[in-house]
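Read left to right, the sequence shown gives residues 15 to 120 (our numbering). C-beta: ideal position from N, C-alpha, C; glycine also. No experiment lies behind these values; they were computed from the predicted model shown. Below is one structure; the comments refer to it alone.
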Amino acid sequence: GGGGGGGGNKILVPFRESVLTWYLRESLSGNSRTTMLATSSPVALNFEETASTLRYAASAKNIKTGATKNEDPMETKVRTLSEEIAKLKAALEAANAGGGGGDGGG
Numbered sequence: 015g016g017g018g019g020g021g022g023n024k025i026l027v028p029f030r031e032s033v034l035t036w037y038l039r040e041s042l043s044g045n046s047r048t049t050m051l052a053t054s055s056p057v058a059l060n061f062e063e064t065a066s067t068l069r070y071a072a073s074a075k076n077i078k079t080g081a082t083k084n085e086d087p088m089e090t091k092v093r094t095l096s097e098e099i100a101k102l103k104a105a106l107e108a109a110n111a112g113g114g115g116g117d118g119g120g
């Protein structure tokens, strides 16, 4: 089951404890699109390995992940501040164009 409160949107990725999932952990749970190709052998001698591969492929097919944008925190801050500066410049130009600022002296 897995009910629970609504606060966190954590995604549980059901990894097996294997060397393959350890190597693929970034692809399987990260921000990339991953294609997995499961190959099987028609030889009866390889039945157990083929069955194991198909079980793993079936479980990997059920993995759902959520992508997030990879962005440097400093770049995010610079972009946010640049957008704010642009808005403030536009507001200042609009205020100056509207004739709102004179010293009215005489």
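Counting C-beta neighbours from all protein chains within 10 Å, is the total for residue i 16 or more, i.e. buried, or is it exposed?
i    : result
G21  : Low per-residue confidence applies at G21: pLDDT is 46, beneath 50, and the placement is therefore not dependable, though the value from the model is reported in the following sentence. Exposed, by the Cβ-count rule.
F61  : exposed
G120 : Residue confidence is low: G120 scores 49 on pLDDT, short of 50, so the model does not pin down where it sits. No coordinate-derived value is stated.
T8   : Any answer about residue 8 is impossible in this case: the structure gives the chain only from 15 up to 120.
T35  : buried
G18  : Because G18 sits at a pLDDT of 41, beneath the cut-off of 50, its placement in the model cannot be relied upon, and the point is left open.
On a Cα-Cα basis, can you pick out the residue from the options that is closest to residue i?
i   : options              : result
T82 : Y37, S46, L38        : S46
K78 : A105, T48, A104, V33 : T48
How close, in whole Å, do the beta carbons of residue i and residue j come, if the pair is a contact with beta carbons under 8 Å?
i   : j   : result
A71 : A52 : 4 Å
S55 : L68 : Going by Cβ atoms, the distance from S55 to L68 rounds to 11 Å, so no, they are not a contact pair.
A65 : M50 : Actually they are not in contact, since the Cβ atoms of A65 and M50 sit about 17 Å apart, beyond 8 Å.
Which runs of the beta strand (DSSP E), 3 residues or longer, sit entirely within the segment 63-115?
none
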